[in-house]
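Reviewing the structure listed below.
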Amino acid sequence: MIEVRDLKVRYGARVVADVPELDVGEGECVAIVGESGSGKSTTLLSLLGLTQDAEISGHVRVCGVDVLTASPRRLREIRGARAALVMQSPQAALSPATRLGVLMRRALKLHGVGTAPSAGGTPDEIMDRAVEAVMLDREILRRYPHEISGGQAQRFAIALAIALGAEVILADEPTSALDVTVQAEVVAVLRGLREERGLALLLVSHDLALVSTIADRVLVMKDGAVVESGPAARVLAEPSHPYTRELLEALP
Amino acid sequence: MTEAAPAEVRLRRTLPRIPDRFAALGAVLIVLIVLAAIFAPWLAPYPADQLNPVEAVRPPSGAHWFGTDQVGRDVLTRVLYGGRTSLFIAVAVLAASSAVGVTLGVVAGYAGGWVRDVIMRITDVFLAFPALLLSLALAMVLQPSVNTVILALAVTWWPWYARLAAASAASIATRGYVDAARCLGVPAPRIVLRHVLPNSLTPVLVQLSLDAGGVLLISAALSYLGLGAQEPTAEWGLMVQEGQTLFTTNWWVAMFPGLAIMVTAFAFNVLGEGLRNALDHRSGGARRERAEPASAEAAARVVK
Amino acid sequence: MLRYLIRRLGQALLVVAGVVVLTFVIMRLVPGDPAVAFTGPKATPEELAAAHRRFGLDDPIPVQLLDYVRDLLSGDWGISLHTKQPVRDDLYLAFPASLELVGTALVIAVVVGIPVGVLAARFKTKFPDIGVRLGSVLAVSIPVFWLALALQLVFASTLDWFPIAGEYDGELDTTSPLTLWTNITIVDALITGNWPIFTSTLHHLVLPALVVAAYPTGVIAQMTRAALIEEGGQDHTRLERALGFGETSILTRFALRPALNPVLSLIALVFAYSLVNGFLVEAIFNWPGLGRYAADSIRSLDTPAIAGVTLLVAVMYVLANLVVDILQGFVDPRTRAR
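Protein chains in written order, with the numbering used here: chain H, 3 to 254; chain P, 209 to 512; chain Y, 206 to 543.
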């Protein structure tokens, strides 16, 4: 689903992310961990070509599309519809003057979901099913972003990915802005997606507790460079790099 | 005491450095216009106010680039001399209103309490009039002259500077180094002069360049209405009014002074906009926080 | 919210009181005897004394101010010296005409200014943006009176596409007289179905409305551009981009609505400004509004009329500011706290 080789993201002369290898297969969950400023979010955004003013080199394939050479139009086709982004600050990620249902309907229309007769029903049915899949009430589609909680906003962002039929979810610190109990809900939804629908998940987080419960493999980043990578169980149990040990020790 | 230094350095750095191409365009135009006004006696092809009835209302030609008016005066000469009057009015208005406004504003901002309330309520009343209306009403009841226009506009304009200076003085008055100076027993007037005033000036200077265009337009409008400069003084607004009756047949008499007003106002406006963008850019962090209310405030300041 | 409303209303009332006092002071500054202006230069001393008594000019200043306020409150805005009509009746006829002109101009300004601002924001720092920025600064730099003359020369005198002056064809008053409801000609013509006057008014409106529209169009375009660029930098545009929306639809479908808040408040403020700017335009196009009335009053040193116009426009301005602040208070809780 995601295939990265020798990715380098530069702002001017400064390399903010250098990822030699990163693969996420179908139904797999890979986590990038590191402290803020380590380049993990930049890496994630560069996979969809969403970094602004950055210079990106290397080789990036997402859902079979070569992101770095694709035309803007081709890139827009995969964004959302095949690879969906879930952001850190859930409410700020939603346009304040747009009802959630309107946003979802526009996105469906944009990607032509629910128009072909063979597709899974009318847009309304698709939307209802998507919000129910993330354990939200349908009524939420009539609300504005400021009328819902952070956890609801985050689950709605995931519902967007479901409705659009995304194959990969790129989640940037999806739980760090949420309360502990709400975090658990969002994690449950993400895990359910992976198990029931076979979605691939690329997760960026500094929360090692979260990572240990969900990720198959882990990349540890520090100052833009990958310092360690491997199966989650191994990296978290027997870290080989001192920085990873530091991160683990910081856990409560 | 040394903590005030960075702000002063900043001030010096903002002014001469021209932040974008627009502002540079405005600055160049202004320099040219000011030079043309200063050197009008040398640049003008004819003596000022030279009447020549034989040559009345001639269209633009090699001898008279901008043509001549109804009494045969060279329009180019009059436009050059008119710049002196029009620019003088604008500069005098800005100087007078900013001197009064900044003084009252800094006092209000530093003193706070009831002093601030009283001064700010008075500025509210003045700001309740659209600038053109208040100056119009004032100019109407006084004897028409250049000084009347200056007085009327200065009375209209000072509250803007008072408000601006009060806001920045109030924020500076709460900074650490001002508190420190106060604790050390430095007398209030000295604190105001050495710390509060210099640091309140940057936004005022930017505002001055933004306002110059507006002041020029309103003073021209007052002169156009016959409330300002009087014949035979050359003043752009007045010249448009004199050429108005001839406009359909001899367009050049009113066209060129009007163009002069437009180009000068344009130059001031692009320069002011460029400086403001530079200032906003520099204090980018502070601007983020007050995004929404600032927009409304900005709207209020754009429209006077 | 209620407390904010009450406080804001109180402030507005205080400002209106100040405006009344300031207007009164300006009127007192007038050189010469207003009674002479009313009775004419050939009046006998008895007539003058009568006029003095009638206008209370012999009373002490504070008493005159009190009388003035009492009269204003009871709806007596004085007698115009040049029309010899109550100022309030004159304003009642002139204000709707100004409203018609400025209203049309603002419609033009919104219809042109907002799309143009969107265009500039979409192509930020590229050619269209530079064009829009230069154009909008130019629009606010043109002296209205000169623009009015220029458009009149080109499109009325030379090309003869539009009438030179007036509100509608005077002959129509006899052929198809207008029934007045609101005193706004174009609205009355529309609701009474008076098509000859309606089309004639529209035709007469084009040039003056375009001139008055220049300034608001410029500021609305600038403000829309700035607000959109700010809104376009918010977090939510990243999600919209990640959903596959293009830059144009992000701006027009997601960023524009929140960005319009400051633009809407700008419109209220620009309305009052344009009302005064329209004064100069009305004089040139002989539009029967406040501006022409004010110009006539200036010429005849008609203090009560001038005071009436000043007061009316200042109150409109205070109202516009009040509406803006209340709207802002609803939109942004932070303004309420201040």
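Heads up, the beta-carbon is just placed ideally off N, CA and C, and yes, glycines get one too. Nothing here was measured: the structure is a model prediction, and the numbers come from that model.
Asked                                                                                                                                                                                 : Found
Y:G322 CB to nearest chain H CB: under 8 Å?                                                                                                                                           : no
Return no unless some Cβ of chain H is closer than 8 Å to the Cβ of Y:T540.                                                                                                           : Unreliable placement is indicated for Y:T540, whose pLDDT of 46 sits below 50; no coordinate value is reported for it.
Please report how far the alpha carbon of Y:V486 lies from the alpha carbon of P:L479, in whole angstroms.                                                                            : 28 Å
Taking its Cβ as the centre, do 16 or more other Cβ atoms sit within 10 Å of Y:W282, making it buried, or is it exposed?                                                              : buried
Could you check what DSSP says for H:L24 in three-state terms: helix, strand or coil?                                                                                                 : strand
Helix, strand or coil, according to DSSP, for H:Y13 in the structure here?                                                                                                            : strand
For H:E240, does the count of other Cβ atoms within 10 angstroms reach 16, so buried, or fall short, so exposed?                                                                      : exposed
Report, in whole angstroms, the separation of the C-beta atoms of H:V222 and H:V35, which I expect to be a contact under 8 Å.                                                         : 5 Å
Along the region 480 to 500 of chain Y, what residues have a CB closer than 9 Å to any CB found in chain P?                                                                           : L480, V481, N482, F484, L485, A488, I489, A499, A500
Assuming P:I513 contacts P:A345 (C-beta within less than 8 Å), just tell me the rounded distance between them.                                                                        : No statement about residue 513 of chain P is possible, as the shown extent of chain P runs from 209 to 512 and does not include it.
Let me know the secondary structure DSSP gives H:R219 once reduced to three states.                                                                                                   : strand
Compute the beta-carbon to beta-carbon distance between Y:L516 and Y:T228, rounded to the nearest angstrom, for a pair I have assumed lies under 8 Å.                                 : 5 Å
Apart from the five residues just before and just after P:I330, which ones in its own chain have a Cβ nearer than 8 Å to its Cβ?                                                      : P367
Whose CA, out of P:L467, P:V363, P:F230, lies closest to the CA of P:L302?                                                                                                            : P:V363
Taking Cβ positions, are P:D332 and Y:V220 nearer each other than 8 Å?                                                                                                                : yes
Which residues does DSSP pair with Y:P291 in a beta bridge?                                                                                                                           : Y:I284
Does the distance from the C-beta atom of H:G51 to that of H:L87 stay below 8 Å?                                                                                                      : no
Give the straight-line distance between the Cα atoms of H:R81 and P:Y369, rounded to the nearest whole angstrom.                                                                      : 50 Å
Less than 8 Å between the beta carbons of H:L204 and H:L172, yes or no?                                                                                                               : yes
With 16 as the cutoff for other CB atoms within 10 Å, does P:T457 come out buried or exposed?                                                                                         : exposed
List, from N- to C-terminal side, the alpha helix (DSSP H) runs of 4 residues or more that fit wholly inside the region 359 to 419 of chain Y.                                        : 377 to 380, 390 to 396
Return helix, strand or coil for P:L454, following the three-state DSSP convention.                                                                                                   : coil
Could you tell me which whole beta strand (DSSP E) segments of length 3 or greater appear in the region 236 to 308 of chain P?                                                        : none
Across the region 424 to 439 of chain Y and the region 462 to 474 of chain Y, are there enough close Cβ pairs to call them in contact, namely three or more that are closer than 8 Å? : yes
If you reduce the DSSP assignment to three classes, tell me which class P:A232 lands in.                                                                                              : helix
Go ahead and pull the three-state DSSP assignment for P:I469.                                                                                                                         : helix
Bridge partners of H:G232, per DSSP?                                                                                                                                                  : H:V220
Roughly how many angstroms lie between the CA atoms of H:A179 and H:A186, to the nearest whole one?                                                                                   : 12 Å
In this structure, how does DSSP classify Y:V230 when only helix, strand and coil are distinguished?                                                                                  : helix
Mind checking Y:R622: buried by the 16 CB within 10 Å criterion, or exposed?                                                                                                          : Chain Y is shown from 206 up to 543; residue 622 of chain Y falls before or after that span and cannot be answered.
Any beta carbon of chain H sitting closer than 8 Å to that of Y:V451?                                                                                                                 : In the sequence under discussion, the amino acid at residue 451 of chain Y is Gly, which differs from the Val named in the question. So yes, Y:G451 belongs to the interface.
Roughly how many angstroms separate the alpha carbons of H:A83 and Y:I472, rounded to a whole number?                                                                                 : 40 Å
Residues of chain B with CB under 7 Å from Y:L358, in chain order?                                                                                                                    : No chain B appears in this structure, whose protein chains are H, P and Y.
With three or more C-beta pairs closer than 8 Å as the rule, is the region 390 to 405 of chain P touching the region 445 to 453 of chain P?                                           : no
Using a Cβ cut-off of 9 Å, pull out every chain Y residue sitting near H:M223, in sequence order please.                                                                              : Residues of chain Y passing the Cβ test: none, with the nearest at roughly 21 Å.
Check Y:L219 in the structure and name its three-state DSSP category.                                                                                                                 : helix
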